[in-house]
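Some notes on the structure that comes next.
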Amino acid sequence: MKVIFARNPLNSQLSICIFVTEKKLAQSIAELLSGDRYKLNMVESPGELVKFIEEHKEQVDCLIVLLEKALLPLLHLLYEQGTLLPAIVIIDRQGESKLQNDLNRSEEVEDDGKHIYHSGEVKLLSTELEEIASSIDSAIGKFLHLGPSCSIAEKSTTLSEPQKLETKQNFLMLQQRRLAEKLKERLGYLGVYYKRNPKSFYRNLNQEEKKELLEQLNLEYREIILNYFGDDAATNQAIDQFINRAFFADISVSQILEMHMALMGEFAKQLKLEGRSEEILLDYRLALIDLIAHLCEMYRRSIPREDIPYDLLFQID
Numbered sequence: 023m024k025v026i027f028a029r030n031p032l033n034s035q036l037s038i039c040i041f042v043t044e045k046k047l048a049q050s051i052a053e054l055l056s057g058d059r060y061k062l063n064m065v066e067s068p069g070e071l072v073k074f075i076e077e078h079k080e081q082v083d084c085l086i087v088l089l090e091k092a093l094l095p096l097l098h099l100l101y102e103q104g105t106l107l108p109a110i111v112i113i114d115r116q117g118e119s120k121l122q123n124d125l126n127r128s129e130e131v132e133d134d135g136k137h138i139y140h141s142g143e144v145k146l147l148s149t150e151l152e153e154i155a156s157s158i159d160s161a162i163g164k165f166l167h168l169g170p171s172c173s174i175a176e177k178s179t180t181l182s183e184p185q186k187l188e189t190k191q192n193f194l195m196l197q198q199r200r201l202a203e204k205l206k207e208r209l210g211y212l213g214v215y216y217k218r219n220p221k222s223f224y225r226n227l228n229q230e231e232k233k234e235l236l237e238q239l240n241l242e243y244r245e246i247i248l249n250y251f252g253d254d255a256a257t258n259q260a261i262d263q264f265i266n267r268a269f270f271a272d273i274s275v276s277q278i279l280e281m282h283m284a285l286m287g288e289f290a291k292q293l294k295l296e297g298r299s300e301e302i303l304l305d306y307r308l309a310l311i312d313l314i315a316h317l318c319e320m321y322r323r324s325i326p327r328e329d330i331p332y333d334l335l336f337q338i339d
């Protein structure tokens with residue numbers, strides 16, 4: 023198995039399992055999904071696919087497979103086990119005719135031939151690979167809408183035992199909940215952004231409210247600076263509180279910089295009176311960079327991304 027990590031891995035990356043035996047096709051998929059949004063897990067044999075999913079079924083966010091006859095018993099096995107995942111089934115037009123005959127004769131596919139794995143799968147032609155990223159979003163969206171019973175009970179008589187059926191339904195619901203929470207994490211503060219009240223933005227406050235807000239921020243910033251190289255847990259909590267307050271008030275980076283320079287000027291005067299060097303103040307540039315980076319990241323992640331469809335946003339609220 024090959025694991026391809028993104029250049030800037032994030033905890034909220036989507037984990038994609040890819041089983042495509044056609045090497046050029048697999049390489050094209052890997053190139054199209056390069057970047058910091060995905061972690062790609064390339065499996066190269068049926069046995070490796072089953073083993074990987076068994077060990078990581080609660081972490082896989084989407085399964086991408088090339089439709090071929092050898093794949094059918096694997097998907098059937100996953101289905102019978104109740105292991106349902108968002109899935110993209112890639113169809114290669116060149117071998118489609120022969121494969122379609124195999125599918126029509128197969129007892130492992132529904133009679134109408136519509137579903138290979140489950141009713142929430144997405145089919146994608148190999149000639150339309152440029153749509154792979156949007157297809158992943160579509161597969162996840164359809165998976166989140168899967169009913170706990172219709173996609174499991176309809177397909178196989180072997181799942182008629184109530185206890186087994188309930189177990190598989192519970193796993194589906196757990197997978198849906200896990201994926202929804204992961205999407206919330208990956209979207210960062212996108213949902214929070216729209217819940218911010220513009221009336222609370224610094225620029226929309228009256229003079230008295232502006233003064234009160236700045237005094238509070240200055241006080242919190244002073245405490246962060248004084249304790250920055252001390253207790254990590256307490257400092258991190260103070261930073262989070264400061265950044266949240268600044269974010270919801272839509273405070274600019276330039277205002278944070280002015281706050282820092284004013285505080286450093288105050289400290290410099292005190293050090294001069296004590297006959298001490300001001301060089302120690304240079305170390306606190308680390309704190310400034312840290313806070314600005316946190317605030318900029320919140321603002322960056324609050325901007326809607328073009329690669330995230332709006333129907334997904336509504337599904338995970």
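Per the numbering used here, residue 23 is the first one in the sequence shown, and the count goes up by one each step.
The C-beta atom is built at its ideal place from N, Cα and C for all residues, glycine as well.
| Asked | Found |
| --- | --- |
| Buried versus exposed, by CB contacts within 10 Å (16 or more), E319 | exposed |
| Proximal residues to F74 (C-beta, below 7 Å), its chain only, five neighbours per side dropped | M23, C39, N63, V65 |
| Complete alpha helix (DSSP H) runs within the region 227 to 297 (minimum length 4 residues, chain order) | 229 to 249, 254 to 270, 275 to 295 |
| Beta-bridge pairing of Y60 - partner residues as DSSP gives them | L36 |
| Contacts around E300, its chain only, beta-carbon distance under 6 Å, and the 5 residues preceding and following it disregarded | A290, L293 |
| DSSP three-state assignment for G135, whether helix, strand or coil | Any reading at G135 must be qualified, since the residue scores a pLDDT of 47, below 50, and its modelled position is unreliable; no value is offered. |
| Range covered by the alpha helix (DSSP H) that runs through V72 | 68 to 78 |
| Neighbourhood of D114 by C-beta distance below 6 Å, restricted to the same chain and skipping five residues each side | S148 |
| L107 - DSSP class collapsed to helix/strand/coil | coil |
| Bounding residues of the alpha helix (DSSP H) (the contiguous stretch that carries L97) | 94 to 102 |
| Cα-Cα separation between Y306 and M283, rounded to whole angstroms | 11 Å |
| N-terminal and C-terminal residue of the alpha helix (DSSP H) that K145 is part of | No alpha helix (DSSP H) holds K145; the beta strand (DSSP E) holding it covers 144 to 147. |
| Residues bridged to L85 (per DSSP) | C39, A109 |
| L303, DSSP secondary structure in three states | helix |
| Alpha-carbon spacing of E53 relative to E234, whole angstroms | 52 Å |
| Rounded distance between the beta-carbons of N228 and P220, thought under 8 Å | So it is not a contact: roughly 14 Å between Cβ atoms. |
| Pick from I265, S222, L146, T105 that is closest to Q197, judged by C-alpha positions | T105 |
| Beta-carbon proximity list for A92, same chain, < 7 Å, skipping 5 on both sides | P68 |
| Environment of H78 [buried if 16+ CB atoms lie within 10 Å] | exposed |
| D83 versus L285: straight-line alpha-carbon distance, rounded | 47 Å |
| Neighbourhood of L239 by C-beta, 6 Å cutoff - its chain only, sequence neighbours within 5 removed | none |
| Segment limits, alpha helix (DSSP H) that includes K164 | 154 to 166 |
| Cut-off 6 Å between Cβ atoms - residues of its own chain near I112, not counting five sequence neighbours on either side | L88, L146, S148 |
| Buried or exposed (CB count within 10 angstroms, at least 16 for buried), V42 | buried |
| E237 versus L279 - alpha carbon distance | 15 Å |
| Contact set for L85: own chain, Cβ-Cβ below 6 Å, skip 5 residues either direction | C39, L107, A109 |
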